[in-house]
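Trainee: For the sequence shown, full-length UniProt numbering begins at 1 and goes up steadily by one.
If you scroll down you'll find the structure; I have some questions about it.
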Amino acid sequence: MFDPASLKYDAQGLIPAVAQDHRSGEVLMVAWMNADAVARTLKTGRVTYWSRSRQAFWVKGESSGHAQTLVELRVDCDRDCLLALVEQTGPACHTNRRSCFYTAIRDGAEVVIMEPSEA
Numbered sequence: 001m002f003d004p005a006s007l008k009y010d011a012q013g014l015i016p017a018v019a020q021d022h023r024s025g026e027v028l029m030v031a032w033m034n035a036d037a038v039a040r041t042l043k044t045g046r047v048t049y050w051s052r053s054r055q056a057f058w059v060k061g062e063s064s065g066h067a068q069t070l071v072e073l074r075v076d077c078d079r080d081c082l083l084a085l086v087e088q089t090g091p092a093c094h095t096n097r098r099s100c101f102y103t104a105i106r107d108g109a110e111v112v113i114m115e116p117s118e119a
């Protein structure tokens, strides 16, 4: 049985988690988890992060409705980063965009490549 304590957490007890759309492969966002958030995610199937600013658990979509349902959780080779393959409902970014990665650097300039959703 998988033990979240087997992962390598930073000095604050956190591990980065990359959320990726399980169908398209699009990277949606990066957030942080602690061992309890990992355990809750695996138990409930709803991706749960640790909010560093609020110092509290954050179930993605709990207030916005833009939920992430876990399809598969992967551990990298060093055991210090997670990849959450998710089913994303609505935008993943708090700016109301599909992905938090909506700015590209092109020819030395920042270019917004994704507009907020109308929904």
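Virtual Cβ for every residue (Gly too), placed ideally from N, Cα, C.
Small disclaimer: the values here were computed from a predicted structure and weren't measured.
Contact between the segment 89-102 and the segment 36-43 is defined here as three or more beta-carbon pairs at a separation below 8 angstroms; is this criterion met?
Mentor: Too few Cβ pairs lie closer than 8 angstroms, so no.
Trainee: Alpha carbon to alpha carbon, what distance is there between Ala19 and Asp76?
Mentor: Distance between the alpha carbons of Asp76 and Ala19 is about 13 angstroms.
Trainee: Looking only at its own chain, which residues have a Cβ that is under 7 angstroms from the Cβ of Val27, when we skip the five neighbours before and after it?
Mentor: Hits under 7 angstroms: Val18, Gln20, Ser99, Phe101.
Trainee: Consult DSSP for Val86 and reduce its assignment to one of helix, strand or coil.
Mentor: Three-state DSSP puts Val86 in a strand.
Trainee: Where do the ends of the alpha helix (DSSP H) carrying Thr44 lie?
Mentor: Counting along the chain, the alpha helix (DSSP H) containing Thr44 begins and ends at 35-44.
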